[in-house]
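Chains as they are written, first to last, in our numbering: chain U, 112 to 413; chain E, 11 to 274.
Reviewing the structure listed below.
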Amino acid sequence: MTDLLDAPAADTDPAPPRAAGRGRALLGLVPFVGYLLVFLGGPLYFVVSGALSDPDGRPTVANVVAALTEPQYHAAFAGSLTVSAVTALVGAVFGTFLAQAVLTSRPGSPLRRVVSTASGVLAYFGGVPLAFAFVAALGQTGLATLWLRAAGLDLYAAGFRIDSLTGLGLTYVYFQVPLMVILVTPTLEGLQPQWREAAENLGASAWAYWRHVALPVLAPAVVGATLVLFGNAFAAYATALALTSGSIPLVPTAIASALSGNVLAGRQNVGLALGMTMVVVIAAVMVAYLLLQRRAARWAVR
Amino acid sequence: MTRGRRWRVVVLAIAAVYFLLPLLAAAEFSLRSPGGGYGLANWLAIVSDPVLLAALGTSLQIAVVTAVVVLALVVPTAVWVRLQLPGLAGVLESATILPIVIPPVVMAAGIAFVQANLGGPVFPALFASSTTALTPFYVILALPFAYRAVDNGLAAIPLRTLVEAARNLGAGLPTALLRVVLPVIRSAVLGAAFLTLALVLGEIVIARILLYTDTFPVAIVEVGRSRAGVAVALSLASLLITWVLLLAVSLAGGRRSPADRASS
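In structure tokens form, the structure reads like this:
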């Protein structure tokens with residue numbers, strides 16, 4: 112697990128790549144690429160083709176237009192975009208501070224191992240267990256709710272509900288922060304102590320060092336990681352599914368109800384069009400991430 | 011320095027409260043007895059519920075097959091790219107992001123379309139049981155994390171030297187992979203396997219949309235509708251078990267690495 116967090120070590124391979132036939136070398140990728148094509152490309156193909164055709168298979172853009180213009184889908188996109196943006200920003204800021212706090216602890220301390228493994232579990236596990244833990248904490252009879260009520264703050268009287276956008280956002284931060292820790296730790300580790308020493312020798316204060324040296328170096332990686340968090344929350348559905356029975360307006364909820372509803376003919380195709388729109392949004396975000404990462408790599412020690 | 015310490019304490023304290031409180035609350039909630047007071051009723055219900063146990067069995071079966079397929083795809087590919095196609099490392103890394111770009115709910119929508127509309131000999135067999143229908147797609151979900159874990163493990167070892175030494179001693183590439191590379195990166199491989207396990211024990215979106223109700227996470231949610239305490243106990247148990255497994259891997263890997271660093 113630490114391997115996810117450790118920055119890759121310097122390349123210790125002595126020999127340059129053998130000049131084997133490039134075509135033969137590419138053959139080695141066939142199983143991996145083939146698997147991706149069949150089991151990822153396959154579903155994607157049917158999403159796109161279904162989104163762009165009517166129930167009888169004739170090509171149309173009506174589904175996409177419906178997905179982008181109907182008011183209930185506007186609400187779904189607004190809900191998804193809001194909860195993704197807010198939790199990405201909160202997760203990114205707090206995750207960066209947490210990663211730095213852990214990194215400045217003693218190397219090999221138990222804190223590091225606990226945080227790094229916990230990050231792995233919480234960042235990817237998310238979903239169902241997380242939803243129930245939050246129901247236990249902040250549900251009607253949850254422990255935190257009871258404690259806060261005893262302290263004079265009645266959440267539910269103030270209108271809070273765990274199965275609302277706010278409740279969902281609070282839950283999402285629980286996996287956004289660990290993911291940020293995982294993503295940003297290698298970059299923070301890449302800050303060379305010599306840079307700090309050089310800045311201090313030139314008379315820089317701690318603030319000046321962060322403002323003029325560390326932050327500019329970190330910025331592309333931190334912004335890139337924030338984009339990943341955004342995409343992560345935008346794609347997430349398991350927590351919402353476990354937390355509620357479809358009452359929160361989110362794009363995945365809209366897709367699921369369009370797929371299962373079957374009330375009106377052609378809803379299935381609108382669901383696929385919503386899915387395609389979702390892929391377009393996340394793809395745009397991830398392309399931006401890759402570009403930023405390339406920029407961030409300039410400072411990586413080779 | 012004292013100022014530096016103060017913000018650390020604040021950050022770590024907030025993190026401790028935010029991350030531990032839900033777990034603590036889950037523990038407390040799971041120990042509540044239906045009639046009031048505390049007891050082990052919810053935890054005992056887990057082991058005595060045949061539906062839950064069957065669901066756990068199904069999900070563990072899916073998890074094991076998924077992990078095996080994932081590792082069989084990822085380890086040789088990552089090694090191959092590092093040895094033969096270092097120029098393509100960036101492209102491959104981007105390719106492993108693809109499953110993140112296409113979220114589970116969209117994948118499920120595409121699969122549901124196939125499930126509903128396509129016949130022939132292949133598809134009905136594929137969709138006959140949750141194991142055969144879900145495993146191929148859970149592999150896709152696990153690929154990005156597994157690839158990163160394994161590739162980072164490979165970055166930390168002198169891969170080319172090891173493989174060439176093995177081959178000079180007469181080993182074929184598969185032998186070198188299985189008997190030299192795999193043992194050296196075992197902590198990365200185990201990490202990838204446990205992440206896969208965690209993913210399968212938490213995945214609900216595809217299973218729900220494809221209407222498979224016999225996997226563990228779906229069963230937890232179903233139980234949660236009537237008996238929240240049992241569902242919370244199960245959630246806590248599955249979180250903690252995965253964490254302990256990963257911590258064990260991390261400690262096993264950590265014991266090795268100081269010596270490695272000292273010698274290099």
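Glycine residues also receive a C-beta, built at the ideal position from the N, C-alpha and C atoms.
Beta-bridge pairing of residue i - partner residues as DSSP gives them
| i | result |
| --- | --- |
| E:TYR48 | E:ARG42 |
| U:SER164 | U:PRO170 |
Cβ-heavy atom distance, residue i to the ligand ZN, below 6 Å
| i | result |
| --- | --- |
| U:LEU313 | The model depicted lacks the ligand ZN and carries no ligand whatsoever. |
Bounding residues of the alpha helix (DSSP H) (the contiguous stretch that carries residue i)
| i | result |
| --- | --- |
| E:SER69 | 60-94 |
| U:HIS185 | 182-214 |
| U:VAL324 | Here U:VAL324 belongs to no alpha helix (DSSP H), and DSSP marks it neither H nor E. |
| E:ARG196 | 196-212 |
| E:ASP161 | 140-165 |
| U:GLY152 | Looking at the DSSP string, U:GLY152 is not in any alpha helix (DSSP H), and its letter there is neither H nor E. |
| U:GLN251 | From DSSP, U:GLN251 is part of no alpha helix (DSSP H); its letter is neither H nor E. |
| E:THR185 | 183-186 |
| E:ILE9 | Residue 9 of chain E falls outside the range modelled here, since chain E spans only 11 to 274, and no answer is possible. |
| U:SER220 | It is not in any alpha helix (DSSP H) - U:SER220 carries neither H nor E in the DSSP assignment. |
| U:TYR146 | 141-147 |
| E:ARG170 | 169-178 |
| E:ILE219 | 215-219 |
| U:SER405 | A quick correction: the sequence has Arg, not Ser, at residue 405 of chain U. Here the alpha helix (DSSP H) through U:ARG405 covers 378-407. |
| E:ILE121 | 114-127 |
| E:PHE275 | This structure leaves residue 275 of chain E out entirely; chain E is present only between 11 and 274. |
| U:THR350 | 349-354 |
| U:GLY270 | That residue, U:GLY270, is in no alpha helix (DSSP H); it is neither H nor E in DSSP. |
Identity of the residue in the options nearest residue i by Cα
| i | options | result |
| --- | --- | --- |
| E:SER248 | E:ALA238, E:ILE230, E:PHE39 and E:LEU261 | E:ILE230 |
| U:LEU302 | U:GLY386, U:PHE157, U:SER368 and U:ALA325 | U:ALA325 |
| U:LEU214 | U:LEU137, U:PRO304, U:VAL390 and U:VAL328 | U:PRO304 |
| U:TRP258 | E:VAL215, E:ALA35 and E:ARG16 | E:ALA35 |
| E:TYR157 | E:ARG237, E:LEU81, E:ALA208 and E:ARG235 | E:LEU81 |
| U:LEU148 | E:PRO109, E:ALA119 and E:ALA37 | E:PRO109 |
| U:GLY386 | U:ALA189, U:ALA346 and U:ALA319 | U:ALA346 |
| E:VAL85 | E:TYR222, E:TRP17, E:GLY47 and E:SER197 | E:SER197 |
| U:VAL204 | U:LEU233, U:ALA399, U:PRO221 and U:VAL284 | U:VAL284 |
| U:ALA344 | U:LEU192, U:LEU266 and U:LEU383 | U:LEU192 |
| U:THR350 | U:GLY168, U:ASN312, U:VAL246 and U:VAL201 | U:VAL246 |
| E:SER260 | E:PRO184, E:ALA203 and E:VAL79 | E:ALA203 |
| U:ARG272 | U:MET291, U:ALA262, U:ALA248 and U:VAL292 | U:ALA248 |
| E:VAL215 | E:LEU255, E:LEU164, E:SER140 and E:VAL115 | E:VAL115 |
| U:ALA199 | U:VAL396, U:ARG406 and U:ALA407 | U:VAL396 |
| U:ALA196 | U:THR337, U:LEU354 and U:LEU155 | U:THR337 |
| E:GLY163 | E:VAL199, E:SER236 and E:GLN125 | E:VAL199 |
| E:GLY46 | U:THR252, U:PRO166 and U:SER160 | U:THR252 |
| E:LEU250 | U:ASP274, U:ARG133, U:ALA244 and U:ALA367 | U:ALA244 |
| U:GLY153 | E:LEU192, E:TYR28, E:PRO131 and E:PRO146 | E:PRO146 |
| U:MET389 | E:LEU256, E:LEU31 and E:ILE112 | E:ILE112 |
| U:THR298 | U:THR277, U:ALA332 and U:LEU222 | U:ALA332 |
| U:GLY139 | E:PHE29, E:MET117 and E:ARG92 | E:ARG92 |
| E:LEU220 | E:VAL149, E:SER140 and E:VAL89 | E:SER140 |
| U:ASP265 | U:PRO182, U:GLY250 and U:ASP274 | U:GLY250 |
| E:ALA208 | E:GLY239, E:LEU256, E:LEU95 and E:ALA241 | E:LEU256 |
Given a limit of 7 Å on CB to CB distance, which residues of the segment 220-236 of chain U reach chain E? ARG224, SER227, THR228, ALA229, GLY231, VAL232, TYR235 and PHE236
Select from the segment 340-356 of chain U all residues with a C-beta closer than 7 Å to any C-beta belonging to chain E, and list them in chain order. GLY342, ALA346, TYR348, ALA349, LEU352 and ALA353
Extract the residue ranges of the alpha helix (DSSP H) inside the segment 272-306 of chain U, only unbroken runs of 4 or more that lie entirely within it. 276-300
Residues of the segment 227-244 of chain E whose Cβ lies closer than 7 Å to any Cβ of chain A, in chain order: The structure shown contains no chain A; its protein chains are U and E.
Using a Cβ cut-off of 7 Å, which residues of the segment 77-106 of chain E contact any Cβ in chain U, in chain order? LEU83, THR87, TRP90, GLN94, LEU95, PRO96, SER104 and ALA105
Return the residues of the segment 116-145 of chain E that lie within a Cβ-Cβ distance of less than 7 Å from chain U, sorted by chain order. VAL116, MET117, ALA119, GLY120, ILE121, ALA122, PHE123 and VAL124
Can you give me, in chain order, the residues of the segment 24-43 of chain E that have a beta carbon less than 9 Å from any beta carbon in chain U? ILE24, ALA25, TYR28, PHE29, LEU31, PRO32, LEU33, LEU34, ALA35, ALA36, ALA37, GLU38, PHE39, SER40 and ARG42
Of all the residues that make up the segment 145-159 of chain E, which are near chain U by a beta-carbon distance shorter than 8 Å? PRO146, PHE147, VAL149, ILE150, LEU153, PHE155, ARG158 and ALA159
Taking a cut of 9 Å between CB atoms, which residues from the segment 261-275 of chain U lie near chain E? none
Listed in chain order, which residues of the segment 179-199 of chain U have Cβ atoms closer than 9 Å to some Cβ of chain E? none
When Cβ atoms are compared, which residues of the segment 49-62 of chain E fall closer than 7 Å to chain U? none
When you check each C-beta in the segment 163-193 of chain E against every C-beta of chain U, which residues fall closer than 8 Å? GLY163, ALA165, ALA166, ILE167, PRO168, LEU169, ARG170, THR171 and GLU174
Please list, in chain order, the residues of the segment 357-391 of chain U that have any C-beta partner in chain E closer than 7 Å. PRO363, ILE366, ALA367, LEU370, GLY382, LEU383, GLY386, MET389 and VAL390
Contact set between the segment 300-333 of chain U and chain E, restricted to residues whose Cβ is under 7 Å from the partner: none
Give the residues from the segment 249-260 of chain E that approach chain U closer than 7 Å (Cβ to any Cβ), ordered along the chain. LEU249, THR252, TRP253, LEU256, LEU257, VAL259 and SER260
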